[in-house]
Amino acid sequence: MDEAKLDKNHYGWYRDLRRYGSVPHAGFGLGFERTVSYITGLANVRDVIPFPRTPGNARY
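Counting the sequence shown from 1 gives a position; the working numbering is that position plus 3.
Okay, structure coming up:
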């Protein structure tokens, strides 16, 4: 947050959610993009994402 110069006060609600950790989960989520990446044989899932959200890509 400091590196991105985000105001920590705007994200207080989210930080409170993670104060005591997250709920236990398996950590598996295949997703549509990963399935398409597997079927097409593309090595990088970023090549099949229709609307990528990479750092510096969106203006806000």
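All residues carry an ideal CB built from backbone N, CA and C; glycine is no exception.
- Here the alpha carbon of Leu20 sits roughly 32 angstroms from the alpha carbon of Val51.
- Within the model, the alpha-carbon separation for His28 versus Arg56 is close to 25 angstroms.
- Under the three-state reduction of DSSP output, Val48 falls in the helix class.
- Residues Glu36, Arg37, Ser40 of the same chain have their beta carbon placed closer than 8 angstroms to that of Val48, with the five preceding and five following residues left out of the count.
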